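What follows is a single structure, written as structure tokens, with notes after it.
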Amino acid sequence: MAGDDEDRAVPAGEPAAPAAALPPVSSLDAEAAEAEHARLSDEVARANLAYYQEDAPFISDAEYDACKRRLEEIEVRFPHLAHPGSPTEQVGAAADTRFAKIPHRLPMLSLENGFTQGDVEAFVQRVRSFLNLAPGAALEITAEPKIDGLSLSLRYEGGWLVQAATRGDGAVGENVTANARTIADIPGQLAGDDWPDVLEIRGEVYMSHVDFEKLNQSDSGRVFANPRNAAAGSLRQLDPAVTASRPLRFFAYAWGEVSAPFARTQMEAVRRMQDFGFQTNPLTRICASVQDMLAAWAEIEQMRATLGYDIDGVVYKVNDLGYQARLGMRSTTPRWALAHKFPAERAWTRLEAIDIQVGRTGALSPVARLHPVTVGGVVVSNATLHNEDYIAGRGADGSEIRGGKDIRIGDWVEVYRAGDVIPKVADVDLAKRPPEAAPYAFPATCPECGSPAIREEGDSVRRCTGGLICPAQAVEKLRHFVSRAAFDIEGLGAKLVEELFRDGWIAEPADIFTLEDRYGPGQPRQLKNREGWGEKSAASLFQAIEKRREIPLARLLFALGIRHVGEVAAQDLARHYGSWQALEAALDTARPAAIAHRAAEEAVQAEREAAQAEGRRARPAEARAAALAQADLPADAANAWAGLIAADGIGPVLAMSLSDAFANERERAAIDRLVAHLTVLPPEARATDSAITGKTLVFTGTLEKMTRAEAKARAEALGAHVAGSVSAKTDLLIAGPGAGSKAKKAAELGIKVIDEDEWLAIAQG
DNA sequence: CAGCCTCGAGTTCC
DNA sequence: CTCGAGGCTG
């Protein structure tokens, strides 16, 4: 599953018979076919078992696919061999359905990462200013080692373990209850009797170094790359007996849903978790200052080698749980915690080639092909090179990257895994540079379609201008279209759309919804006859596509893959307009305004250049106003544009990009063809019910009991929009002392105004 | 207008 | 996960 960074160990083993050496299927007689069918079925079944249960595949994916294809061919020619138990009938590899999905009642968070002393100082400062603490006021922060394992959420009801779920993507995890029950550190029943009736304990499953070595030396023939992979592989076993035989351990450090509070501070919570019968990390401590935190970090790093288990940093948390609640969440991380990572491991290797990939928006991304090298327990053979400037070692403004050293093919380069995941090139050894190595010439044309690749002013990436003509862009757009946050059609993943695109079955999103008409029952060419497909799998894909003809507006908008319109902007737009028709109409009406605004921006640019040439001060605002006046916009266009910009989170750049997409003939036609097949669902109303849900709020003046940031976060949690200035759309103004023009304007517009105490009453509710 | 925060886009491992 | 850039705030 994507997002799951569990790796599988590949043991030495007897390889599958090479498919190439086999005679053509057409030459087989019935007897030989049956024998081979049986052999291949067995092979595939064994491979499945190894892959899914043992976490130790003995054949490569390619070999596995070859086996399955060969089986298909045989079954096409000798249909009597196809039976319900045949591996070919078990379509789409059961990878995602091995464990039941469990939605987390409270999301399992990830943490913000920091690497430097400055990051730690900034974290503490941010917390202090958010809470509006006086400079001298005490602020306790806990520090604990960050265990390098995999996180697990354990749900207890009435003191009994009822469910264990992996983190998954943070919102939905996998049910591994049976396996969790076999781990000695995880109590099946809580100790004592003083626990909340519902209690979700969260922590880290890990394996100690000693146990890891023992496991790898056992005669199972399986070799795991590192303890983390071993722990992950052991926990995700179909057979709990296998998990039970693996020496897994567990540290508790956090919690999810709780029916009643059980502590007032983080440290107290840790002690309570011990009372409940959990192991907690003995190095956890309280810090009173940034100096304390850095000292704790340094001390824990010193102990790293002798701890006996892997850690990759130190986690800091605001100790007071009341403060934690006030600080709340950003989009994916809590404001009250920071993971202070240890420096990443590095390794030197040779850069063998530089390839250029073309993305969905046409961005040309250079990728380093490296001589394989082990970095932090993982073999790395590719690394990102970001962009043209990164390779050149110098930014557009002349600033130096890596001390100005450029990267050349043939160079010795130092590689590390940023955030322990993405391989990056950190340095170049000029002393080892081959004399014939030349500076890398970044292509000026798209390597996929040959169109010019242009770098716009102020942009760091070069983009292919081919648009939908470029096959790379077209296929990346399709992959995006079927991605999880977009249409998410079951059984139609990135790999399959790519294949269907290559074969000319799907050229654009609309084609997905006519797939059955063109390749379904009764057609000359049919999906069920494709390699690896059958009657059942084809029918279920068509059914999954049918289901997605009804699509929420936000998903549709995101799926279109318009530059700058991501998941959040799509949500904002959907909520702002409420329907596809309203959005489409607004964009069409606003088009002249978009054109005028672009012209105005160009006029501003020209004015800046002219001013510089003439040595006078630029007057951008006047140039813009003049250009707009000259355009003589119809009022409805100006209004529609203003309405678009007024949407929360939508600025001129995004609005322009959206407008361009809808005005581009080719793109618009493709969108219209798609939407003709769909029923677009309006955005759901927010579930929260509070006096301010769905309302637009403006804060002004000084807030004395809460900071601005805190008030905004709280209001948004209650389903309100927080705007910066008062307009006709404003529903409520919260005015503290010193409120000025905004309060006056609100009064003119007849908008309700409340003071901070009234606001606090709402915020608490 | 500058600085902060969040979002979008691209990428690696398999 | 990170970088760059867009949008908002002060």
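Just so we're aligned: the first sequence equals residues 1 to 765 in the UniProt record's numbering.
No residue lacks a Cβ here, since even glycine has one placed at the ideal position from N, Cα and C.
Note that the coordinates shown come from a computational prediction; the quantities given were computed from them, not determined experimentally.
Residue i versus residue j: straight-line alpha-carbon distance, rounded
i	j	result
Arg-462	Ala-363	6 Å
Asn-48	Ala-254	Low per-residue confidence applies at Asn-48: pLDDT is 46, beneath 50, and the placement is therefore not dependable enough to give any value.
Gly-566	Ala-574	12 Å
Gln-523	Pro-103	41 Å
Ala-510	Gln-324	47 Å
Pro-443	Leu-430	24 Å
Gly-446	Leu-468	Residue identity check: residue 446 is Cys in the sequence provided, not Gly. Going from the Cα of Cys-446 to the Cα of Leu-468 covers about 13 Å.
Asp-632	Ala-623	15 Å
Phe-99	Asp-239	11 Å
Lys-695	Leu-557	24 Å
Arg-591	Ser-365	32 Å
Thr-306	Lys-432	36 Å
Val-482	Leu-527	18 Å
Tyr-51	Ala-353	Only weak support exists for where Tyr-51 lies, its pLDDT of 40 falling under 50; the value from the coordinates is given anyway. Their backbone Cα atoms lie some 32 Å apart in a straight line.
Cβ neighbours of residue i in the same chain (closer than 8 Å, five flanking residues each side left out)
i	result
Ser-151	Met-108, Thr-166, Arg-167, Arg-202, Gly-203, Glu-204, Val-205
Ser-208	Pro-227, Pro-247, Arg-249, Gly-308, Tyr-309
Ala-676	Ala-510
Phe-123	Glu-112, Gly-114, Tyr-316, Leu-338
Thr-374	Ala-347, Val-380
Close Cβ partners of residue i (< 6 Å) along its chain, the five nearest in sequence each way excluded
i	result
Gln-274	Thr-280
Ala-426	Glu-414, Tyr-416
Pro-187	Gly-277
Arg-105	Glu-257
Ala-599	Ala-627
Ala-180	Ala-164, Ile-186
Per DSSP, the bridge partner or partners of residue i
i	result
Gln-357	Ser-365
Ser-151	Glu-204
Cys-446	Partner(s): none; Cys-446 has no beta bridge.
Val-127	None, per the DSSP bridge assignment.
Leu-681	Pro-552
Pro-452	Thr-445
Tyr-156	Leu-161, Leu-199
Val-315	Glu-144, Ala-339
Asn-113	Ala-339
Arg-285	Ala-143
Buried versus exposed, by CB contacts within 10 Å (16 or more), residue i
i	result
Ile-422	exposed
Asn-229	buried
Leu-478	buried
residue 783	Residue numbering for the chain in the displayed model covers 1 to 765; residue 783 lies beyond these limits and cannot be assessed.
Gln-473	buried
Val-379	exposed
Ile-59	In this prediction, Ile-59 scores a pLDDT of 44, lower than 50, which makes its location untrustworthy; no coordinate-derived value is stated.
Met-303	exposed
Ser-399	exposed
Segment limits, beta strand (DSSP E) that includes residue i
i	result
Trp-160	160 to 166
Thr-700	696 to 700
Pro-423	422 to 428
residue 766	In the structure as shown, the chain begins at 1 and stops at 765. Residue 766 is therefore absent and cannot be evaluated.
Phe-99	Note, Phe-99: premise wrong, no beta strand (DSSP E); not H, not E.
Phe-251	249 to 258
His-340	337 to 341
His-721	721 to 723
Glu-174	172 to 174
Own chain, CB closer than 7 Å to residue i, minus 5 neighbours either side, in chain order
i	result
Thr-693	Arg-686, Leu-718, Gly-719, Ala-720
Val-198	Glu-157, Glu-257, Val-258, Ser-259
Leu-283	Glu-144, Pro-145, Ile-300
Met-293	Val-120, Ile-141, Ala-143, Cys-287, Tyr-316
Asp-320	Glu-140, Thr-265
Thr-361	Arg-463, Arg-563
Residue range of the alpha helix (DSSP H) that includes residue i
i	result
Thr-280	Where Thr-280 is concerned, there is no enclosing alpha helix (DSSP H), given that its DSSP letter is neither H nor E.
His-480	471 to 481
Asn-382	Segment 378 to 384 is the beta strand (DSSP E) holding Asn-382; no alpha helix (DSSP H) there.
Pro-240	240 to 244
Trp-195	Note, Trp-195: premise wrong, no alpha helix (DSSP H); not H, not E.
Asp-292	290 to 303
Asp-389	388 to 392
Gly-643	635 to 646
Ile-595	580 to 614
Leu-235	227 to 235
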